[in-house]
Amino acid sequence: MAQTTYTNTLPLESMLMEYQLVSVLGVGGFGITYLARDTHLEKDVAIKEYFPAADVARTDGATVTLTNTQRTDEFQAGLDRFLKEARTLAGFSHPNIVRVNRYFKAHGTGYMVMDYEEGQSLKEWLNVHPFPDEVVIKGFLAPLLDGIAKVHAAGFLHRDIKPDNIFVRANGTPVLLDFGSARHAIGGTERTLTTLVTPGYAPFEQYTSKAEQGPWSDIYAMGGVLFFAVTGENPPDALSRMKGDTVADILARAHGRYVDGFLEAISWALNLDEKKRPQTVEEWRARILGDAATVTAPPPDLLLDEFGASGA
8 MAQTTYTNTL PLESMLMEYQ LVSVLGVGGF GITYLARDTH LEKDVAIKEY FPAADVARTD
68 GATVTLTNTQ RTDEFQAGLD RFLKEARTLA GFSHPNIVRV NRYFKAHGTG YMVMDYEEGQ
128 SLKEWLNVHP FPDEVVIKGF LAPLLDGIAK VHAAGFLHRD IKPDNIFVRA NGTPVLLDFG
188 SARHAIGGTE RTLTTLVTPG YAPFEQYTSK AEQGPWSDIY AMGGVLFFAV TGENPPDALS
248 RMKGDTVADI LARAHGRYVD GFLEAISWAL NLDEKKRPQT VEEWRARILG DAATVTAPPP
308 DLLLDEFGAS GA
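Written as structure tokens, this is what we have:
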């Protein structure tokens with residue numbers, strides 16, 4: 008299979024501080040992620056570069072420059088949010104939130120250095136293992152909710168939770184990646200915001216700059232993740248649901264595989280009206296998992312059996 012060729016990336020094998028770039032792990036509209044080798048500690052790391060592709064270009068093979076000077080304020084706002092995100096994540100010590108070890112400015116932009124882990128996205132895993140048992144879903148959901156609650160307690164939102172941004176390690180444990188604050192900061196108009204959201208996982212309030220976002224916005228996205236897990240389909244996007252909502256009908260197909268209370272909790276999280284959704288992770292956790300004080304993840308041997316141990 009031919010390797011993907013990327014443009015506008017830093018040259019592979021070049022040095023970025025003490026990190027030697029090995030390969031490109033992924034390219035998105037607002038960032039590039041590299042696999043790199045820490046030459047001091049002799050270990051692999053992942054490095055994310057702030058690179059809003061619609062507004063910048065790379066000169067001299069390294070330096071990031073604006074292609075539209077009228078977007079200077081938006082670029083700087085996004086960079087500030089990117090670095091704030093890195094600083095916030097660096098202060099977390101939670102096994103299910105991506106670990107940021109360092110952040111810095113270079114080449115006219117920002118970088119965050121993260122732990123590199125082998126595995127696959129939850130979307131990839133669910134495509135191979137559709138309709139997992141409810142106990143397995145709750146097994147990966149419980150630690151994710153703990154991590155998200157910690158993020159919310161710090162006054163931060165993820166803003167881009169989806170199956171692609173939940174990584175399943177080789178041992179079956181999940182980790183939440185790729186926070187979307189920089190995208191939110193750079194999308195100043197409603198027209199721009201519609202290009203930044205992930206249809207199906209973004210609540211209605213993320214389509215407008217006038218609505219208030221909060222923990223309930225991330226809860227909607229997590230409801231979308233569970234919708235995908237139990238139905239095998241992406242949820243209908245929020246804008247189309249305003250005209251005709253099919254969420255309940257699609258979820259009804261999962262009756263029999265999952266208990267009614269579990270499906271009802273998913274539907275609650277996906278309510279179009281943010282005021283009718285759970286307002287905190289703790290409130291939703293009590294419904295989706297049962298008694299928060301007693302629910303625990305399934306034993307490791309069950310998770311390993313379900314998830315397998317294949318690397319990326």
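Per the numbering used here, residue 8 is the first one in the sequence shown, and the count goes up by one each step.
Every residue, glycine too, gets a C-beta built ideally from N, C-alpha and C.
Here the structure is a predicted model, which is why all the values come from computation and not from measurement.
How would you write the range of the beta strand (DSSP E) that residue i sits in, first residue to last?
i, result
"G38", "38 to 45"
"I168", "No beta strand (DSSP E) holds I168; DSSP gives it neither H nor E."
"G33", "26 to 34"
Secondary structure at residue i, three-state DSSP: helix, strand or coil?
i, result
"E281", "helix"
"H159", "helix"
"F211", "helix"
"Y118", "strand"
"N103", "coil"
"E271", "helix"
"G98", "coil"
"G231", "helix"
"V254", "helix"
"S216", "coil"
"D312", "Caution applies to D312, whose pLDDT of 49 falls short of 50 and renders its modelled position unreliable; the value that the coordinates give is listed next. Of the three classes helix, strand and coil, the one that applies to D312 here is helix, per DSSP."
"Q286", "coil"
"T70", "strand"
"A236", "helix"
"D51", "strand"
"F147", "helix"
"F58", "coil"
"F186", "coil"
"V63", "strand"
"F111", "strand"
"V142", "helix"
"L90", "helix"
Once the 5 residues before and after residue i are set aside, which same chain residues still bring their CB inside 8 angstroms of it?
i, result
"T180", "P102, N103, F147, P150, L310"
"E219", "E212, E281"
"L258", "F234, V237, T238, L270, I273, S274"
Would you decide whether residue i is buried or exposed? Buried here means 16 or more other CB atoms lie within 10 Å of its CB.
i, result
"L277", "buried"
"D256", "exposed"
"E81", "buried"
"T11", "exposed"
"P243", "buried"
"F111", "exposed"
"Y282", "Note on residue identity: the sequence assigns Lys, not Tyr, to residue 282. Result: exposed."
"Y13", "exposed"
"K145", "buried"
"V135", "exposed"
"T205", "buried"
Run through the DSSP bridge pairs and tell me what residue i is partnered with.
i, result
"Q77", "Looking at the DSSP assignment, Q77 forms no beta bridge with any residue, so it has no partner."
"H262", "Y265"
"S21", "S21 is not bridged to any residue."
"V175", "Q127, P181"
Might you give, ordered along the chain, the residues of its own chain that have their beta carbon closer than 7 angstroms to the beta carbon of residue i, omitting 5 neighbours on each side?
i, result
"Y123", "L42, D51, V52, A53"
"T66", "T72"
"T70", "H114, G115"
"A261", "V237, T238, L270"
"R106", "M121, D122"
"V158", "I104, H165"
"G154", "H101, N103, I104, L183"
"R284", "W223, I226, Y227, W275, A276, N278"
Just to confirm my understanding: we take residue i, look at its own chain, exclude 5 residues before and 5 after, and list those with CB closer than 6 angstroms. What are they?
i, result
"H165", "F186, D225"
"T202", "Only weak support is given to the placement of T202: the predicted model assigns it a pLDDT of 45, under 50, and the value that follows is read from those uncertain coordinates. Within the same chain, T202 has no close Cβ partners at all."
"T16", "V31, I39"
"F163", "T95"
"L233", "I273"
Could you spell out the range, first to last residue, of the alpha helix (DSSP H) harbouring residue i?
i, result
"R248", "245 to 248"
"V135", "129 to 135"
Mind checking if residue i is an interface residue toward chain D, Cβ cutoff 7 angstroms exclusive?
i, result
"Y214", "No chain D appears in this structure, which consists of one protein chain only."
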